[in-house]
Each structure stands twice: as structure tokens, then as C-alpha cells.
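Have a look at the structure below before the remarks.
There are 2 protein chains.
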Amino acid sequence: MTETAPRPTLEAVAARAGVSRATASRVVNGGDGVREPLVERVRRAVDELGYVPNQAARSLVTKRHDAVAVVVAEPETRVFADPFFALQLRGISKELTAHDNQLVLLLTEGRDDHARVGRYLAGGHVDGALVFSLHLDDPLPGLIRRAGIPTVFGGRPGWSDGDGGDVVYVDSDNRGGARDAVRHLVALGRTRVAHITGPLDQTSAADRLDGYRDVMADADPRLVVPGDFTPAGGERAMRELLDHRPDVDAVFAANDLTAAGALRVLREHGRRVPEDVAVIGFDDMLPVAEQTDPPLTTVRQDIEEMGRLMARLLLRGPDGPHTGEQAPRSGVVLPTTLVRRASA
Amino acid sequence: MTETAPRPTLEAVAARAGVSRATASRVVNGGDGVREPLVERVRRAVDELGYVPNQAARSLVTKRHDAVAVVVAEPETRVFADPFFALQLRGISKELTAHDNQLVLLLTEGRDDHARVGRYLAGGHVDGALVFSLHLDDPLPGLIRRAGIPTVFGGRPGWSDGDGGDVVYVDSDNRGGARDAVRHLVALGRTRVAHITGPLDQTSAADRLDGYRDVMADADPRLVVPGDFTPAGGERAMRELLDHRPDVDAVFAANDLTAAGALRVLREHGRRVPEDVAVIGFDDMLPVAEQTDPPLTTVRQDIEEMGRLMARLLLRGPDGPHTGEQAPRSGVVLPTTLVRRASA
DNA sequence: TCGCGCTCCGAGAGCGCTCTCACCCCCGCC
DNA sequence: GGCGGGGGTGAGAGCGCTCTCGGAGCGCGA
């Protein structure tokens, strides 16, 4: 077993370069106010020794960590298993590494995990947190606000209004996207447009329902049936729909998974898509939307960009240069686009 | 803006409890060798002050970080967007938090990212690394070994043989699973069993092909066609298959996505599944396998357990108690199970 | 009674870094 | 030629913790 050589310290670099530790430090941190020949010598010493700053020592004095926590609450496994999360993480990661920050991932399930996360965040191990909180009754947001560290939420938190309002979040335009989808169905000449909702304790689902209602204000209430973002829920809802309103000629499903379920039931019942019933989903979750039969028309959101934006907002912080950005101290809403495939 | 109160130090705890800093430290770290009344007093002081140890100060002296890096190389976005990754992460996360370790996520794309990751790992910021390296020519493994920190790989690295051999990895039994799948097809009475491969520079794909060959040793070479783990690749391969061997009566696809593509082409050509052609996939990637038409028979691997096991192996380290575990200093291979649905 | 050993606790050094402050040197100006 | 000023550098303190080491206290055997 090769004994791992002790890593070189700043002291060693300074000695080798023939300067003081202070000067070496200055060079390592940008080199301002150090004359060129010395900068050069220190740089060389760093290379030769393979010096890497000890982050622990550094943050001990600076009180900064160059690390942010990403907190993902995961009450249902469903949420976790979809590509959504992965893409968002990717956006976050890109932005963080561009600013030399590390990404500490905290996955939670269950109550004691919440306490653990709260403790961790309050413990000052990270400079900020990006939080994905999906449900209205989630205790996590409260814990986090109490921890008193900068936080950006993914998705509009349900309690944003009642609680002071200076909550920073990034969301996509669920309501607008839903509106676009329904308008498209209407433009296709459909008059009996149904909506299969998501779980309405999530703001995204609630907003999509609102978008539907914006366009179909005076529709038969029976055209709105509850789903739960799963294919099984979509099947159930579609059956109910065919039961109560067999004349339905279009369905806007709250997400692609739901739409996939609905599609299956429609085929089962011999309804042609889109001829008899046009179907639109939401998310543009590729492995699903492209694989359905027929391929699904759906509303796309730029998930990776959401992640990137979250990170950017967090890093910039409350006193960064906000000019030009919209609503820095509250929500930023990203646009959606309708992706036309075969189902509508 | 409420000025954030400076967090209490161990010094403060000690003062409040009326003991020395050393004793307070002892209590915080388990309390061995401290008499009960003092333990009690320190504990109370900790609670009252809401003391949380400063991890930076701690690791400065202990040289431990209670953090491990998870490195995910992501040459293709495809890899990232599937639930595989998320589930594995979950397993890892569970195991790590159970041992009070943090998870630092490093996503890489492109060459300079590799250098960055190498530097980070060599920089001694984490106690170990879990690495997902997918390709034979990936420079990452080399970099990491040079960094000299404990590492466990996810999936069998391609170069494990040539390079010393003491590589720790966790993989699922790709070859055995493939064998089971093909045997199942044979048991169904199929005689012209084809295989659509994955990208063969990944060991998982190569192993699945080997498993196929174990059973179909003397099959027509034209029954083996290359795919790339994508639905599009599956479609392409299936067309080729129908072209060259229109009498094909079973297909073992290297993964579920490939199978989904193949299924579509079969339907397009009017072949019934499973009556005319039986199809089996690999992965049991739920949103795909359950949504295909017909639902896909496939080989399931316990992905979350793989993640958990990786973390466990890493934390245990080279001198932990290995007895009872298999092959601690090299690979651990987890079993797979055939999940029967409608397609075979 | 005294000494020996053991357990428990406190003093203090030091981990590797940043940052303040004092100092030095060189320049320009009076 | 002397003096103020400023840019560049070094000395040293200190971040919050762990861990070693010595000393205090106590029980026990001689």
C-alpha cells in the first residue's frame, strides 16, 4: 500500500516560490496586487507541487463554502423516476460548476428526513439551497425558511401568498401552456374538450386546470375529471369521461403519463385519435410522448433551463445585479411551447 | 434584514455547561470517557444553544469529510434521462445518509469536465467516489485511480482485467439475465430468436450479447443486429431483421427502449406480438415497459439496491469487516429476474 | 499511612487558510 | 535633499475544532 503523500500546503508553495504565505494566497486567489514576476513564480510552484487549496481551511475563515444543497422531496417514487428531475439537475449542475460551486444532493422521504435536512441546512454547510417542494402541505419549506439560508424553489410553492411573499421560485408557465393546448383543440374545431387534472394539491396541476378554465369557462363540469399524473389515473379518468360524456371530442391531459393512459382507453373503446378524439398532454416527456400511439401532441417546458435559472438566481443572491431580469425577489416563470405531433 | 446571529461555537457550549472545550468535544462526539452528569450538562447546553458542529473546522483537523462524490459521466443525454440513474442515486443516498455522509454530485460532459472532476477528487474534498463510467474509452477511471481515493464503480468497467484487477464495482448480472430471457423464448418454442444489441463499447451491452450467445451458440449471425439502446435504433434494427430474416419469431432486445422501437416496427408490419414474434426487453424501465403495446416482458435488475451496495462497499473501505460479502475487492454482481408481461 | 494505577478532565498546540495591519521601498514633489 | 504617499510584501492573529498530554482525584493494596 503506497502511503499517500501529504498534500502540499500553501506554506510549501510559498517556500518554493520564495515568498510569504500571504503573497502565495493572493496569487492563488486571483493575484491582484502582486507584481508579475512573483505571480509567475508562485504559479509555477503551484503547478510543480500540484497544489490544491484545502477547502475546509478556506471556508473555516471565509465562512463560505461554494456549495449549494439541492433538496428533493420525494413523497412518491413516481416523481423521482421521471426524467424531469434528471434534466433539472443537469441544468443546475452546469450553472453551479460554471461558478465553481459544488452540488450537495439531499433526497428526503418521510418526516425524520425533513428534520435531518433542516438541521443540515441550518448547520451552515452550504451557501444556499435549491428546493423542489411539490405539495401544499409540505413541511420542508417552513423548515428551510427557518434555517435562514438563501433559497430558490423549483415550482411555485403553494403558500407563496400567505407567507410574506418574498419567495424566490422558478416555474414554467403551466397556466399559459394549458391555455395554448386547449385553444389549439378549440381551433381544431373541437367543442367538447375535456380535462383530466393532476393532483390538485400541486400548484402545477392547479395552474393547468386554471388554464383550461380560462378557455373553457362555461364547459360542462363533467368534462373535468380528476387524475393523479399516472397512466392508471389517466385510464380511470378516461373511462369516467366516456361514461358521462361519450360525445367528448378532445382531451387535455394534465401530463403525458396521464395522456398515455387515456390513449390506451380510447383505443380500447375503438375511438380513433385524433379523428374521433384529439389528445394533448403536458411535459413533453420524451420517452413517453414519442412512444405513444399516435405520438403525443404536448406542451413542452424547458426543464434544463429551469434548473439553470434556479442556480443562477441563487448564486446571484439578493444583492446581485438584478437589472434586466424579471421579478428577482419572487417568481420567474418560463414560457412553454406546444409541440405538435399526431394526437391533436 | 435580520442580521444572522453568529452560530454558537463549541467554546460557547463548553462555557454554558461549565466544562472545558475538550470535554464538550468529547460529548459531542459520543461522550466516551465523560461522567454522566457532565454529559448531561453538555447535552443540555447543545440543545439550548442549538449548537451544530462546524464541519469545516472539524475536517480541517480530522482530514475526513463525511462526504462522497458521485460522478456521472454523461456523454449522451439519453443515459441521463432514464430512471435508472435516479433510482441508483436514491439507493446511494439512503445508504449514505444512514451513515451521516453527504452526497456531492458531479455531472460531467466533455473533456475539460473530466479534468475538473479529476482535480476535485484529487483535491481531497471527499472521502471517496462512486463512479458511473459507461464507455470503454472513458478517461475518467484513469484520472480517478490517479487521484488515489477509494472508489467504487457502477457497472463493470471495461478495462478491469488489464489494469491490476483490484477494481471494486457493482453490476447486475447482465449475462445471466440475457440467458434467462433467451431461454424463456426458447422454452416458448421459438427457434429463430434474434438479438438487437446495445452499443457494444459498454460492458452491459457486451455482456447481454454474451448471454444471448451462451444459449444461441450456433444461430445465424444475421439474427444479431446492432442497436444503440434507443427506440430509433430498435426500429432500425427491427427493419433490418425483417429484411434479412423475415421468419424471425422472437426478439431479445438489449433494453426496453430498443424493444419499444422494435415493437412499433412489428406492428407496422402487421406482425402480432407475441403470437408471431415474441419480444423481451431488459431493464424493466417502468414508464416504458408498462406502457408499450403489449406490455413488455423484460429482465429486471434491482437498481436501487445496486446504488445502496455501492455506497456500502465504499464506506466500509478496504479494511472493514468483509466476511460474508462476496468478492469485496473486486466486483459484486447482483441477480436479475425475468418479469413476464404480455409480449413473450 | 503511603504509593501506585486508573479514570476523568483541562490546557494548549496546531490543522491550512485568509485577512488585517504594519512596514518597506521607491517615486515624485516641494 | 527631505518628505509624503502609495503600491507591494510579510508577519501574525485567528477561524472552530480535535487530540495529545499532563495533572488531579480517587480507590486499593501493602
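Chains as they are written, first to last, in my numbering: chain A, 78 to 421; chain B, 78 to 421.
Ideal placement from N, C-alpha and C gives every residue a C-beta, glycine not left out.
(message) Let me check you understand the geometry: is the CB of Gly107 (chain A) closer than 7 angstroms to at least one non-hydrogen atom of the ligand ATP?
(response) The model on display carries no ligand, and the ligand ATP is accordingly not part of it.
- Where does Asp396 (chain A) fall in DSSP's three states? Locating residue 396 (chain A) in the first sequence gives position 319, counting from the first residue. The pLDDT assigned to Asp396 (chain A) is 43, lower than 50, so where the model puts this residue is not dependable, and the model offers no usable value.
Exercise. How is Ser237 (chain B) classed by DSSP in three states: helix, strand or coil?
Worked result: For the purposes of this step, residue 237 (chain B) is identified with residue 160 of the second sequence, where counting begins at 1. Because the pLDDT at Ser237 (chain B) is just 49, under 50, the model does not fix this residue reliably, and the value given afterwards should be weighed accordingly. Here Ser237 (chain B) sits in coil by DSSP.
Using only the alpha-carbon positions, how far apart do Arg141 (chain A) and Leu373 (chain B) sit?
The count along the first sequence starts at 1 and reaches residue 141 (chain A) at position 64. The count along the second sequence starts at 1 and reaches residue 373 (chain B) at position 296. For Arg141 (chain A) and Leu373 (chain B), the distance between alpha carbons rounds to 51 angstroms.
Q. Arg316 (chain B) to Arg322 (chain B), Cα distance in whole Å?
A. Working through the second sequence from its first residue, we reach residue 316 (chain B) at position 239. Working through the second sequence from its first residue, we reach residue 322 (chain B) at position 245. Spanning the two alpha carbons is a distance of roughly 10 angstroms.
Member of B:Val350, B:Ser210 and B:Arg103 whose CA lies at the smallest distance from the CA of Val247 (chain B):
Translated into positions along the second sequence, residue 247 (chain B) becomes position 170. Answer by Cα proximity: B:Ser210.
**Asked** Can you find a CB in chain B that lies within less than 8 angstroms of the CB of His399 (chain A)?
**Response** For the purposes of this step, residue 399 (chain A) is identified with residue 322 of the first sequence, where counting begins at 1. Bear in mind that the predicted position of His399 (chain A) carries a pLDDT of just 37, short of 50, making it too unreliable to give a figure here.
Quiz item: Helix, strand or coil for His142 (chain B) per DSSP?
Solution: Taking the first residue of the second sequence as 1, we reach residue 142 (chain B) at position 65. In the structure shown, His142 (chain B) sits in coil (DSSP, three-state: anything other than H, G, I, E or B).
Selection of the stretch 365-377 of chain A by Cβ proximity to chain B, strictly under 9 angstroms: Val365, Glu367, Gln368, Thr369 and Asp370
Fill in: CB contact flag (Ser407 (chain B), Val244 (chain B), <8 angstroms)
The count along the second sequence starts at 1 and reaches residue 407 (chain B) at position 330. The count along the second sequence starts at 1 and reaches residue 244 (chain B) at position 167. Cβ atoms of Ser407 (chain B) and Val244 (chain B): closer than 8 angstroms.
Note to self: Less than 8 angstroms between CB atoms is the rule here; does His212 (chain B) satisfy it with respect to chain A?
What the structure shows: Counting from one through the second sequence, the residue named residue 212 (chain B) turns up at place 135. False, the Cβ-Cβ gap to chain A never drops below 8 angstroms.
TODO: At 4 residues or longer, and completely inside the stretch 299-350 of chain A: list those alpha helix (DSSP H) runs for me, N to C.
DONE: 308-321 and 333-345
Item to check | Beta bridge counterpart(s) of Leu184 (chain B) as assigned by DSSP | outcome: The count along the second sequence starts at 1 and reaches residue 184 (chain B) at position 107. Its beta-bridge partners are B:Val149.
Mind reading off the beta-carbon distance from Val138 (chain A) to Leu391 (chain A)? Whole number of angstroms is fine, and I expect it under 8 angstroms.
Position 61 of the first sequence, counted from the start, is the residue given in the question as residue 138 (chain A). Position 314 of the first sequence, counted from the start, is the residue given in the question as residue 391 (chain A). Wrong, their Cβ atoms sit about 23 angstroms apart, outside the cutoff.
- Query: Looking at the unbroken beta strand (DSSP E) that takes in Gln378 (chain B), where does it start and where does it end?
  - Reply: Translated into positions along the second sequence, residue 378 (chain B) becomes position 301. Thr374 to Gln378 is the span of the beta strand (DSSP E), which, as asked, contains Gln378 (chain B).
Is there at least one Cβ from chain A nearer than 8 angstroms to Pro308 (chain B)'s Cβ?
-> Mapped onto the second sequence, residue 308 (chain B) falls at position 231. Pro308 (chain B) counts as touching chain A.
**Prompt:** Would you report the Cα separation of Gly127 (chain B) and Leu115 (chain B), rounded to the nearest angstrom?
**Reply:** Position 50 of the second sequence, counted from the first residue, corresponds to residue 127 (chain B). Position 38 of the second sequence, counted from the first residue, corresponds to residue 115 (chain B). Gly127 (chain B) and Leu115 (chain B): Cα-Cα distance of roughly 18 angstroms.
* Asked: Per DSSP, what kind of secondary structure is Gly95 (chain B) in: helix, strand or coil?
  -> Taking the first residue of the second sequence as position 1, residue 95 (chain B) is located at position 18. Residue state, collapsed to three classes: coil.
Just by C-beta distance, which residues in the stretch 172-184 of chain A are closer than 8 angstroms to chain B? Thr174, Gln179, Leu180, Val181, Leu182, Leu183 and Leu184
* Using a Cβ cut-off of 7 angstroms, pull out every chain B residue sitting near Gly493 (chain A), in sequence order please. => The question about residue 493 (chain A) has no answer here: the residues shown for chain A are numbered 78 through 421.
* Would you please verify whether the beta carbon of Leu334 (chain A) is less than 8 angstroms from any beta carbon of chain B? => As a position in the first sequence, residue 334 (chain A) is number 257, starting the count at 1. Yes, Leu334 (chain A) lies at the interface with chain B (some Cβ there is under 8 angstroms from its Cβ).
Query raised in the report: Residue range of the alpha helix (DSSP H) that Phe162 (chain B) falls in?
Result: Mapped onto the second sequence, residue 162 (chain B) falls at position 85. That run of the alpha helix (DSSP H) goes Pro160 to Ala175.
> Given a threshold of 16 other Cβ atoms within 10 Å of its Cβ, counted over all protein chains shown, does Gly187 (chain A) qualify as buried or as exposed?
Replying inline: For this step, residue 187 (chain A) is matched to residue 110 along the first sequence. It is exposed - the Cβ of Gly187 (chain A) has fewer than 16 other Cβ atoms within 10 Å.
Review point. Who does His272 (chain B) pair with in a DSSP beta bridge?
Key: Translated into positions along the second sequence, residue 272 (chain B) becomes position 195. Answer is B:Val301 and B:Phe329.
Would Thr335 (chain A) pass as a contact of Gly311 (chain A) if the rule is Cβ separation under 8 angstroms? Numbered from its first residue, the first sequence carries residue 335 (chain A) at position 258. Numbered from its first residue, the first sequence carries residue 311 (chain A) at position 234. In contact: Thr335 (chain A) and Gly311 (chain A) (Cβ atoms closer than 8 angstroms).
* Asked: Alpha carbon to alpha carbon, what distance is there between Arg135 (chain B) and Ala283 (chain B)?
  -> Indexing the second sequence from 1 puts residue 283 (chain B) at position 206. Indexing the second sequence from 1 puts residue 135 (chain B) at position 58. If I take the Cα positions, the gap works out to 46 angstroms.
Pull out every residue of the stretch 198-227 of chain B whose Cβ sits closer than 8 angstroms to any Cβ of chain A, in chain order. Ala199, Gly200, Gly201, His202 and Gly225
* Asked: Do you know offhand how far Gly423 (chain B)'s Cα is from Ala337 (chain B)'s?
  -> The shown model of chain B, from 78 to 421, leaves out residue 423 (chain B), and the question about it has no answer.
Have a look at Val410 (chain B) and Ala150 (chain B) and give me their C-alpha separation to the nearest angstrom.
For the purposes of this step, residue 410 (chain B) is identified with residue 333 of the second sequence, where counting begins at 1. For the purposes of this step, residue 150 (chain B) is identified with residue 73 of the second sequence, where counting begins at 1. Rounded to the nearest angstrom, the two C-alpha atoms are 21 angstroms apart.
*Measure the C-alpha to C-alpha separation of Asn178 (chain B) and Asp143 (chain B) and round it to an integer number of angstroms.*
The sequence position of residue 178 (chain B) within the second sequence is 101, counting from 1. The sequence position of residue 143 (chain B) within the second sequence is 66, counting from 1. Going by the C-alpha atoms only, they are around 5 angstroms apart.
Notebook entry, point to check: Near Val119 (chain A), what residues of its chain come up, given a Cβ to Cβ distance below 6 angstroms and the 5 sequence neighbours on each side ignored?
Noted result: The residue labelled residue 119 (chain A) in the question sits at position 42 within the first sequence. Contacts found: Ala94, Ala101 and Val104.
Within its chain, find whatever has a CB closer than 8 angstroms to the CB of Arg376 (chain A); leave out the 5 residues flanking it on each side and keep chain order. Taking the first residue of the first sequence as position 1, residue 376 (chain A) is located at position 299. For the record, residue 376 (chain A) in the displayed sequence is Val; it is not Arg. For Val376 (chain A), where only same-chain residues beyond five positions count, the Cβ hits under 8 angstroms are Gly254, Ala255, Asp257, Ala258, Ile357, Gly358, Phe359, Asp360, Asp361, Thr413, Thr414, Leu415 and Val416.
Which chain A residues are close to Phe162 (chain B), counting only those with a beta carbon under 8 angstroms from its beta carbon?
Position 85 of the second sequence, counted from the first residue, corresponds to residue 162 (chain B). By Cβ distance, chain A contributes Ala163.
Exercise for review: Would you check if the distance between the CB atom of Ser170 (chain A) and the CB atom of Leu182 (chain B) is smaller than 8 angstroms?
Suggested key: For this step, residue 170 (chain A) is matched to residue 93 along the first sequence. For this step, residue 182 (chain B) is matched to residue 105 along the second sequence. It is a contact, given that the beta carbons lie within the stated cut-off.
Q.
According to DSSP, simplified to helix, strand and coil, what is Gly201 (chain B)?
A. Translated into positions along the second sequence, residue 201 (chain B) becomes position 124. Coil at Gly201 (chain B), not helix or strand.
Please return the same chain residues whose Cβ sits closer than 6 angstroms to the Cβ of Arg167 (chain B), not counting the five positions on each side in sequence.
As a working mapping, residue 167 (chain B) is identified with position 90 in the second sequence. The answer, listed in chain order, is Glu381.
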